[in-house]
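Below is one structure; the comments refer to it alone.
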Amino acid sequence: MASGDDPLKQYIQQQCTAQGFSIGNGDSGHATASSLDTIRQYSEYRPDTFTNFWSPPIWDSIGGNPFAAPETYPESEEMYPYVLRFEDEDQKKQWDGQQRSEANGDTVPPPYFLGYVQQLQNALKEFGFTFVSNDDEGVFGWNTYFAVREFQIYSGMLYLAQAPATLNEEIHPLSTQYTQVKNTQVYNGPVSGVADFETQRKIVQWGWNRWRCPVTIEAWSMESGKRNALYKIDNDNWAENLWGAKDFANNNPRMFAHDFTGYYTVPNQYHVPHKNDASTQPETGKGVYVTIGEYVPFTDHNNITWGGPVSKLKHSWEAEMKMTSERLFGKPLPDPSASENSPAPQNVATEEEQSTYKVIDKICELEAGNVFDSMNAYDSAILSAGLYHWTICLIKSSEPKIRKGELSAFLAYLAEAHPAIYQKVWQRFGIGIAGQWGTDGKSFTDEPPGHSREHKNVRKYFGWITLQEENGQFTMAPRERTFADHLRGWHWFYRLQMAIRTNPEIPQLMWNYARMRIRDIRATPWDGTTTVALEDGTTRIATIGDYFTSEKAITMITRWHVWYPDQMISGGKRGSKLQAALNNANLSGNPLDWTTTQETTLIDKLKDAAQGSLMESPMTTIQATTDLSGDRNSFKFDTSNLPDSPFA
4 MASGDDPLKQ
14 YIQQQCTAQG
24 FSIGNGDSGH
34 ATASSLDTIR
44 QYSEYRPDTF
54 TNFWSPPIWD
64 SIGGNPFAAP
74 ETYPESEEMY
84 PYVLRFEDED
94 QKKQWDGQQR
104 SEANGDTVPP
114 PYFLGYVQQL
124 QNALKEFGFT
134 FVSNDDEGVF
144 GWNTYFAVRE
154 FQIYSGMLYL
164 AQAPATLNEE
174 IHPLSTQYTQ
184 VKNTQVYNGP
194 VSGVADFETQ
204 RKIVQWGWNR
214 WRCPVTIEAW
224 SMESGKRNAL
234 YKIDNDNWAE
244 NLWGAKDFAN
254 NNPRMFAHDF
264 TGYYTVPNQY
274 HVPHKNDAST
284 QPETGKGVYV
294 TIGEYVPFTD
304 HNNITWGGPV
314 SKLKHSWEAE
324 MKMTSERLFG
334 KPLPDPSASE
344 NSPAPQNVAT
354 EEEQSTYKVI
364 DKICELEAGN
374 VFDSMNAYDS
384 AILSAGLYHW
394 TICLIKSSEP
404 KIRKGELSAF
414 LAYLAEAHPA
424 IYQKVWQRFG
434 IGIAGQWGTD
444 GKSFTDEPPG
454 HSREHKNVRK
464 YFGWITLQEE
474 NGQFTMAPRE
484 RTFADHLRGW
494 HWFYRLQMAI
504 RTNPEIPQLM
514 WNYARMRIRD
524 IRATPWDGTT
534 TVALEDGTTR
544 IATIGDYFTS
554 EKAITMITRW
564 HVWYPDQMIS
574 GGKRGSKLQA
584 ALNNANLSGN
594 PLDWTTTQET
604 TLIDKLKDAA
614 QGSLMESPMT
624 TIQATTDLSG
634 DRNSFKFDTS
644 NLPDSPFA
């Protein structure tokens with residue numbers, strides 16, 4: 004291949020020769036560090052000539068592969084001359100946040116070579132972080148920022164996926180050709196979204212080792228409980244590497260994570276083999292296929308179109324994830340079939356635990372299908388999980404900033420109760436929660452001054468995320484949709500789902516968090532002035548819990564509060580819908596003296612208050628259930644082991 008065939012080839016040859024290493028045909032042997040540096044610096048991507056600088060086409064273009072890949076790489080060398088960060092742009096020659104020029108003695112790409120940002124984007128795309136292509140070429144935008152963060156996350160894993168030396172582009176999913184390999188160059192830096200020199204070194208190492216992102220999200224049809232056929236997005240693209248919530252907006256397939264990381268313990272019964280696999284056991288070194296859920300299209304009552312991941316009962320690890328009293332608070336419920344002469348059960352749930360469990364169980368049934376790993380990210384409530392489907396945040400099209408969410412506050416509670424688990428399932432991925440729970444979660448009940456919603460007035464807990472930066476510290480993320488939409492994507496959905504599946508302490512903590520809501524609702528003053536007369540002749544301020552006292556009523560109010568808290572509580576007092584129910588019940592006198600007759604009327608009027616709204620169906624369902632008592636004072640509340648209330 005003549006050196007004059009292409010000016011770029013000639014340029015590479017000249018540079019290599021200048022370093023004292025001939026690259027003519029027939030040369031062989033191991034490269035020196037300077038030769039590696041030459042190839043690394045002057046063989047960066049040229050789409051019409053090369054693929055990646057570590058791939059066979061680069062050697063073909065300069066006369067054949069003159070040396071084998073080295074066993075070690077100089078730790079002092081970087082991939083690019085600059086750190087690359089958000090808003091860098093090749094066309095402007097802006098790198099590391101500064102304008103660069105040869106006139107000032109700065110290093111700039113040689114003629115014919117791509118800019119540093121585009122080189123970074125091409126590498127990330129090659130490794131499987133394909134959503135980086137949603138940014139313009141050579142522009143370090145939000146997608147590049149998140150792609151760098153994802154690379155830093157997975158580069159810190161102990162195991163990675165490795166592509167074969169010759170990848171068959173006709174076999175899909177490509178991940179079935181990968182093998183699990185130990186990560187010999189673990190990244191220990193911050194998950195910052197900044198391509199610093201340590202990140203760049205890892206990119207070079209991934210390239211030489213043919214490492215790939217060790218988790219791919221794939222869309223499959225099912226046959227007899229096994230994966231049947233991979234879906235295609237269009238004629239040219241397979242649904243084999245999904246990132247964004249709407250990357251494949253099709254509600255027919257089932258979504259799986261093909262996971263090579265070994266980060267989560269996946270029981271063999273939850274590995275989902277292909278229909279042609281002779282054994283249901285995962286093949287050694289080939290990763291595991293784990294059910295995530297499916298895509299759901301969704302248009303809300305304001306005619307706004309959303310859509311995204313959901314996990315239902317049919318996707319659950321049901322044997323471990325089905326909601327039971329034992330999994331929540333470690334005690335069985337009494338056996339209703341036991342005779343009076345049966346031996347007294349040991350450590351059975353108390354009357355208060357039973358009653359409280361019945362209420363939470365019904366709400367969880369309506370919200371999450373009574374399984375802990377039920378989740379959704381298909382509507383304006385971003386990434387919802389837990390017994391009441393608490394959410395990371397909430398998007399309101401009428402508001403410039405997104406609203407903080409209860410799941411964020413729950414994660415702060417997790418950090419307080421189980422810091423090691425919090426680190427593993429959340430902070431390890433370069434994301435944190437602003438504030439500390441402390442003893443009562445008070446810092447998660449207020450909005451800063453100037454915000455329109457004072458969350459303490461609706462008796463809920465709200466938090467927001469922080470992001471790790473290049474100094475390793477965590478700072479508040481802007482409350483903008485860019486961050487929320489990234490969290491609704493398939494990889495974050497999978498991470499939270501696996502956190503719940505593999506840490507039984509998380510469902511146990513949900514028991515406390517769900518009870519806090521009931522406690523705080525019942526203790527809310529009715530109007531701040533009305534009093535109730537006590538048996539000892541004294542009085543105190545009347546609360547919501549004085550007016551509504553049955554299991555059915557408490558379930559209805561709590562379920563309503565999950566969706567529309569300000570209709571149940573507003574300004575730290577009863578909300579308009581509760582007041583309407585009492586007014587329409589036309590009751591009077593001391594509520595502490597009311598009987599089941601009055602309670603039944605209150606339940607009826609509470610259901611009537613939901614007529615014509617989204618709450619009509621759940622209120623009707625709860626009222627009709629026979630599992631809950633509608634008798635006055637039938638609700639017995641379990642207060643054991645609850646943290647302090649910030650509203651007391």
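Okay, so the sequence shown: first residue is 4 according to our numbering, each after it adds one.
Glycine included, each C-beta is placed from N, C-alpha and C at the ideal position.
Checklist entry - When DSSP builds the beta bridges, which residues end up paired with aspartate 262? => result The sequence position of residue 262 within the sequence shown is 259, counting from 1. Paired residue(s): Val218, Val291.
Checklist entry - If we ignore side chains and look at the alpha-carbon of each, how far apart do proline 217 and threonine 182 end up? => result Here residue 217 is taken as the residue at index 214 of the sequence shown, counted from 1. Here residue 182 is taken as the residue at index 179 of the sequence shown, counted from 1. C-alpha separation (whole angstroms): 9 Å.
Item to check | Cβ neighbours of alanine 222 in the same chain (closer than 6 Å, five flanking residues each side left out) | outcome: Along the sequence shown, one-based indexing puts residue 222 at 219. For alanine 222, the CB contacts under 6 Å within the same chain, skipping 5 residues up- and downstream, are Tyr234, Ala242, Phe251, Pro256, Met258 in chain order.
Checklist entry - Of the residues Gly290, Ser227, Ser340, His274, which one's Cα is nearest the Cα of arginine 215? => result As a working note, residue 215 is residue 212 in the sequence shown. If you compare the alpha carbons of Gly290, Ser227, Ser340, His274 with that of arginine 215, the shortest gap goes to Gly290.
Checklist entry - Looking at glycine 492 and alanine 415, is the spacing between their C-beta atoms short of 9 Å? => result To locate residue 415, count along the sequence shown from 1; it is residue 412. To locate residue 492, count along the sequence shown from 1; it is residue 489. No, they are not a contact pair.
Next on the checklist: Taking 8 Å as the cut-off, does the segment 492 to 503 touch the segment 542 to 562 (at least 3 CB pairs, one atom from each stretch)?
Outcome noted: Judged by Cβ distances under 8 Å, the segment 542 to 562 makes no contact with the segment 492 to 503, as fewer than three pairs qualify.
Checklist entry - Which class does alanine 198 belong to by DSSP, given the choice of helix, strand or coil? => result Along the sequence shown, one-based indexing puts residue 198 at 195. Here alanine 198 sits in strand by DSSP.
Item to check | Buried versus exposed, by CB contacts within 10 Å (16 or more), lysine 365 | outcome: The residue you call residue 365 lines up with position 362 of the sequence shown. Of the other Cβ atoms in all chains shown, 16 or more fall within 10 Å of the Cβ of lysine 365; this residue is therefore buried.
Item to check | Integer-rounded CB distance, given that serine 224 should sit under 8 Å from lysine 315 | outcome: Position 312 of the sequence shown, counted from the first residue, corresponds to residue 315. Position 221 of the sequence shown, counted from the first residue, corresponds to residue 224. At roughly 17 Å, the Cβ-Cβ gap does not stay under 8 Å, so lysine 315 and serine 224 are not in contact.
Checklist entry - Mapping DSSP to helix, strand and coil, what is lysine 407? => result Here residue 407 refers to the residue found at position 404 of the sequence shown. Lysine 407 falls in the strand class under three-state DSSP.
Item to check | Same chain only: Cβ atoms within 6 Å of valine 565, ignoring 5 sequence neighbours per side | outcome: For this step, residue 565 is matched to residue 562 along the sequence shown. Here the set comprises Tyr391.
Checklist entry - Do alanine 536 and alanine 583 have their C-beta atoms within less than 9 Å of each other? => result The count along the sequence shown starts at 1 and reaches residue 536 at position 533. The count along the sequence shown starts at 1 and reaches residue 583 at position 580. Cβ atoms of alanine 536 and alanine 583: not closer than 9 Å.
Item to check | Neighbourhood of valine 111 by C-beta distance below 8 Å, restricted to the same chain and skipping five residues each side | outcome: One-based indexing of the sequence shown puts residue 111 at position 108. Around valine 111: Lys96, Arg103, Ser104, Glu105.
Next on the checklist: Could you tell me the alpha carbon to alpha carbon distance between proline 50 and aspartate 569, rounded to whole angstroms?
Outcome noted: For the purposes of this step, residue 50 is taken as residue 47 along the sequence shown, with counting starting at 1. For the purposes of this step, residue 569 is taken as residue 566 along the sequence shown, with counting starting at 1. At proline 50, the pLDDT of 35 sits below 50, so the modelled position is not reliable; the number obtained from the coordinates is stated separately. Between proline 50 and aspartate 569, the C-alpha separation is close to 56 Å.
Checklist entry - Going by DSSP, what residues sit across from valine 565 in a beta bridge? => result Position 562 of the sequence shown holds residue 565. The partner list for valine 565 (beta bridge, DSSP) is empty, contrary to what the question assumes.
Item to check | phenylalanine 143 burial status per 10 Å Cβ neighbour count (16 or more: buried) | outcome: As a working mapping, residue 143 is identified with position 140 in the sequence shown. Buried: at least 16 other Cβ atoms inside 10 Å.
Checklist entry - Can you find at least 3 beta carbon pairs, one from the segment 379 to 387 and one from the segment 423 to 438, that sit closer than 8 Å? => result Counting C-beta pairs with one atom in each stretch, the segment 379 to 387 and the segment 423 to 438 have fewer than three that are closer than 8 Å, which means they do not touch.
Checklist entry - Across which residues does DSSP place tryptophan 241 in a beta bridge pair? => result Reading the sequence shown from its first residue, position 238 is the one you call residue 241. Per DSSP, Lys235.
Checklist entry - Name the DSSP beta bridge partners of tryptophan 393, please? => result Residue mapping note: residue 393 aligns to position 390 of the sequence shown, counting from 1. Note: tryptophan 393 sits in a beta bridge opposite Ala388.
Checklist entry - Going by beta carbon distance, what residues of the same chain come within less than 6 Å of proline 59, once the five residues before and after it are set aside? => result Here residue 59 refers to the residue found at position 56 when the sequence shown is read from its first residue. Caution is warranted here: a pLDDT of 43 is assigned to proline 59, below 50, making its placement in the model unreliable, and the coordinate value is therefore given only provisionally. If we look at proline 59 and ignore the five residues flanking it on each side, it has no Cβ neighbours.
Checklist entry - Should the segment 437 to 451 be regarded as contacting the segment 165 to 173, the criterion being three or more beta carbon pairs within less than 8 Å? => result Output reads no: the segment 165 to 173 does not touch the segment 437 to 451.
Item to check | Nearest-angstrom Cα separation, counted from threonine 394 out to threonine 302 | outcome: Position 299 of the sequence shown holds residue 302. Position 391 of the sequence shown holds residue 394. Cα-Cα distance, rounded: 18 Å.
Item to check | Cβ distance (whole Å) where threonine 359 is taken to contact aspartate 641 below 8 Å | outcome: For the purposes of this step, residue 359 is taken as residue 356 along the sequence shown, with counting starting at 1. For the purposes of this step, residue 641 is taken as residue 638 along the sequence shown, with counting starting at 1. Contact flag correct, Cβ pair sits at about 4 Å.
Next on the checklist: Would isoleucine 295 and alanine 260 qualify as a contact pair, given that the criterion is a beta-carbon distance under 9 Å?
Outcome noted: Numbered from 1 along the sequence shown, position 292 holds the residue referred to as residue 295. Numbered from 1 along the sequence shown, position 257 holds the residue referred to as residue 260. Yes; because the gap between Cβ atoms is below 9 Å, this pair is in contact.
Item to check | Top-ranked residue by Cα proximity to lysine 128, from Phe332, Asp109, Tyr148 | outcome: On the sequence shown, position 125 is the one that residue 128 refers to. Sorting Phe332, Asp109, Tyr148 by C-alpha distance to the C-alpha of lysine 128 places Tyr148 at the top.
Item to check | With 16 other Cβ atoms within 10 Å as the buried cut-off, status of glycine 288 | outcome: Your numbering for residue 288 matches position 285 in the sequence shown. Residue burial is scored here from C-beta neighbours: glycine 288 has fewer than 16 other C-beta atoms within 10 angstroms and is therefore classed as exposed.
Checklist entry - Going by DSSP, which residues form a beta bridge with arginine 257? => result Taking the first residue of the sequence shown as 1, we reach residue 257 at position 254. According to DSSP, residue pairing for arginine 257 in a beta bridge involves Trp223.
Checklist entry - For isoleucine 544, is the classification buried or exposed, using 16 other Cβ atoms within 10 angstroms of its Cβ as the cut-off for buried? => result Taking the sequence shown and counting its residues from 1, one reaches residue 544 at position 541. By the neighbour-count rule (16 or more Cβ atoms within 10 Å), isoleucine 544 is not buried but exposed.
Checklist entry - Quick one, are the C-beta atoms of asparagine 191 and leucine 163 less than 9 Å apart? => result Translated into the one-based positions of the sequence shown, residue 191 becomes position 188. Translated into the one-based positions of the sequence shown, residue 163 becomes position 160. Asparagine 191 places its beta carbon 9 Å or farther from that of leucine 163.
Item to check | Rounded distance between the beta-carbons of isoleucine 434 and alanine 418, thought under 8 Å | outcome: Here residue 418 corresponds to residue number 415 of the sequence shown, with the count starting at 1. Here residue 434 corresponds to residue number 431 of the sequence shown, with the count starting at 1. Not quite, the Cβ-Cβ distance comes to about 12 Å (not below 8 Å), so this is no contact.
Next on the checklist: Is it the case that the segment 570 to 590 contacts the segment 522 to 535, given that we only count it when at least three CB pairs across the two stretches are under 8 Å?
Outcome noted: By the criterion of at least three beta-carbon pairs nearer than 8 Å, the segment 522 to 535 is in contact with the segment 570 to 590.
Checklist entry - Got a sec, what are the start and stop residues for the beta strand (DSSP E) leucine 163 sits in? => result Within the sequence shown, residue 163 is the residue found at index 160, counting from 1. Unbroken beta strand (DSSP E) run through leucine 163: 162 to 165.
Item to check | Expected contact under 8 Å - CB spacing of methionine 622 and tyrosine 567 to nearest Å | outcome: Residue mapping note: residue 622 aligns to position 619 of the sequence shown, counting from 1. Residue mapping note: residue 567 aligns to position 564 of the sequence shown, counting from 1. Rounded, the Cβ-Cβ distance is 12 Å, inconsistent with contact.
Checklist entry - Alpha carbon to alpha carbon, what distance is there between threonine 546 and glycine 228? => result Residue numbering aside, residue 228 sits at position 225 when the sequence shown is read from its first letter. Residue numbering aside, residue 546 sits at position 543 when the sequence shown is read from its first letter. Looking at the two C-alpha atoms, the distance is approximately 51 Å.
Checklist entry - If you check the beta carbons only, do leucine 605 and lysine 580 fall under 9 Å apart? => result Translated into the one-based positions of the sequence shown, residue 605 becomes position 602. Translated into the one-based positions of the sequence shown, residue 580 becomes position 577. No, these two residues do not count as a Cβ contact at 9 Å.
Next on the checklist: Quick check: leucine 369 and arginine 562, are their CB atoms within less than 9 Å of each other?
Outcome noted: Within the sequence shown, numbered from 1, the residue matching residue 369 stands at position 366. Within the sequence shown, numbered from 1, the residue matching residue 562 stands at position 559. The answer is yes: Cβ separation under 9 Å.
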